[in-house]
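Chains A and B, in that order, are what the protein sequence lines are.
For the first sequence, my numbering gives the first residue as 47, with consecutive numbering after it.
For the second sequence, my numbering gives the first residue as 47, with consecutive numbering after it.
Even glycine gets a Cβ: it sits at the ideal position worked out from N, Cα and C.
Everything numeric in this text was worked out from a predicted model, so none of it was measured.
Protein chains: 2
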Amino acid sequence: MDDRLSRVFAALADPTRRDMVTRLTEGDATVGDLAAPYAVSIQAVSKHLKVLEEAGLVTRSRDAQRRPVHLEAEVFDLMTKWIERYRRRAEERFQRLDDVLAELNDDTRHDRIDAPKEGTAS
Amino acid sequence: MDDRLSRVFAALADPTRRDMVTRLTEGDATVGDLAAPYAVSIQAVSKHLKVLEEAGLVTRSRDAQRRPVHLEAEVFDLMTKWIERYRRRAEERFQRLDDVLAELNDDTRHDRIDAPKEGTAS
DNA sequence: GCCTTTGTCAACCACAGGGTTGACAACGGT
DNA sequence: ACCGTTGTCAACCCTGTGGTTGACAAAGGC
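In structure tokens:
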């Protein structure tokens, strides 16, 4: 787990951290604020925030003793792009499959295509 | 790590598994096919596939000794929805901020709004 | 100046996760 | 029937991670 995207996914793999992210969409919050709803120590929350920060999902500034946490929304774009890329590739594949099937219909005289290989699932 | 989304994110947090997913967008593949490019044992790959399967990202059927692996694209939609939800909430927040600022411009005669609280970050 | 508030750092513990090797199950080919 | 191919299961090892507690840093309030 070294690359950026791995860190982002790993950070979001924890329900507590996802919950924190959700709450941060409503505005910046201090560590104490974020810790309040959970039955864990503030140190544990601090660790979670460190994970989120190292994943680039949040930034922390300084306001007296407080360390307001701020959500960095750009990372979501990064993830969305990645996922969309996969979706698009998958769709392209389906498109190709459709093309193959269309072609099949086009000249039905061929005995049989040699092992379509996909589609057999389920 | 028990809920669905956690499993999906955790599964995708591993570069090897992400790579497998990428390759599966090009079509179903056997365990051996998937294992080939990596310097790990086939057992390790089998484990990775189990993780992907339990996350609902992949299904496995049977073809003689072979176990063709098939990508389930729907899960990506699930993730996209989640992420989009967060993005939207964040955008709504920015929108509200804009509204506040607009309102501020609207009646500039007020001495000062009482602590905007956000925006101070960075 | 001192105490309180807010949060981090360090050490430790338990457990999950990715890797290995070895055994074995499920088939097809011959 | 038997062997080879394909893949899973089980046991084990090591590292990473989430949790704890205790000490301490940083800053304001009094």
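| Which residue comes first and which comes last in the alpha helix (DSSP H) that contains B/T62? | Taking the second sequence and counting its residues from 1, the one referred to as residue 62 of chain B is at position 16. Start and end: P61 to L70.
| query | Should the stretch 81-100 of chain A be called in touch with the stretch 69-86 of chain B, which here means at least 3 C-beta pairs below 8 angstroms? | reply | The answer is no - the stretch 69-86 of chain B does not touch the stretch 81-100 of chain A, with fewer than three Cβ pairs under 8 angstroms.
| Between which two residues does the alpha helix (DSSP H) harbouring A/V54 extend? | Within the first sequence, residue 54 of chain A is the residue found at index 8, counting from 1. R50 to L58 is the span of the alpha helix (DSSP H), which, as asked, contains A/V54.
| task | Pull up the CB-CB distance for B/L124 and B/A57, whole angstroms please, since I reckon it's below 8 angstroms. | result | Sequence index remark: in the second sequence, residue 124 of chain B carries index 78 (1-based). Sequence index remark: in the second sequence, residue 57 of chain B carries index 11 (1-based). B/L124 to B/A57, Cβ: 12 angstroms. No contact.
| Ordered along the chain, which non-local residues of its own chain (more than five positions away) have a Cβ less than 8 angstroms from that of A/R106? | Looking up residue 106 of chain A in the first sequence gives position 60. L95, E99, R113, P114, V115 and H116.
| field | Endpoints, the alpha helix (DSSP H) within which B/L98 is located | value | Stepping through the second sequence from its first residue, residue 98 of chain B is reached at position 52. First-last of the alpha helix (DSSP H) with B/L98: I88 to E100.
| Whole-angstrom C-beta distance between A/I129 and B/T126, which should lie under 8 angstroms | On the second sequence, residue 126 of chain B is found 80 positions in, with the first residue counted as 1. On the first sequence, residue 129 of chain A is found 83 positions in, with the first residue counted as 1. With 8 angstroms as the limit, B/T126 and A/I129 qualify as a contact, their Cβ atoms being about 6 angstroms apart.
| said: Please list, in chain order, the chain B residues whose beta carbon lies closer than 9 angstroms to that of A/V67. | reply: Your numbering for residue 67 of chain A matches position 21 in the first sequence. Residues of chain B whose Cβ lies closer than 9 angstroms to the Cβ of A/V67 are, in chain order, Y132.
| task | Put A/A81 into one of helix, strand or coil per three-state DSSP. | result | Within the first sequence, the letter at position 35 stands for residue 81 of chain A. The three-state secondary structure of A/A81, taken from DSSP, is helix.
| query | Can you tell me whether B/V86 is buried or exposed, with buried defined as 16 or more other CB within 10 angstroms of its CB? | reply | Here residue 86 of chain B refers to the residue found at position 40 when the second sequence is read from its first residue. Exposed, since its Cβ has fewer than 16 Cβ neighbours within 10 Å.
| said: So, for B/T71: in the same chain, excluding its five sequence neighbours on each side, which residues have a beta-carbon less than 7 angstroms away from its beta-carbon? | reply: To locate residue 71 of chain B, count along the second sequence from 1; it is residue 25. The answer, listed in chain order, is L117.
| Beta-carbon of B/A90 versus every beta-carbon of chain A: anything under 8 angstroms? | In the second sequence, counting from the first residue as 1, residue 90 of chain B sits at position 44. Under the 8 angstroms criterion on CB atoms, B/A90 is classed as non-interfacial with respect to chain A.
| Local conformation of B/L147 per DSSP, three classes | As a position in the second sequence, residue 147 of chain B is number 101, starting the count at 1. Low per-residue confidence applies at B/L147: pLDDT is 45, beneath 50, and the placement is therefore not dependable, though the value from the model is reported in the following sentence. Judged by DSSP in its simplified three-state form, B/L147 adopts helix.
| said: Going by C-alpha to C-alpha distance, which of A/F122, A/R131, A/Y132 and A/R134 sits closest to B/R131? | reply: The sequence position of residue 131 of chain B within the second sequence is 85, counting from 1. Comparing Cα positions, the closest option is A/F122.
| query | chain A partners of B/A75, CB-CB under 8 angstroms? | reply | Here residue 75 of chain B corresponds to residue number 29 of the second sequence, with the count starting at 1. Per Cβ cutoff of 8 angstroms: no residues; B/A75 is ~10 angstroms from chain A at best.
| query | Using a beta-carbon distance below 8 angstroms, is A/D49 in contact with chain B? | reply | For this step, residue 49 of chain A is matched to residue 3 along the first sequence. So yes, A/D49 belongs to the interface.
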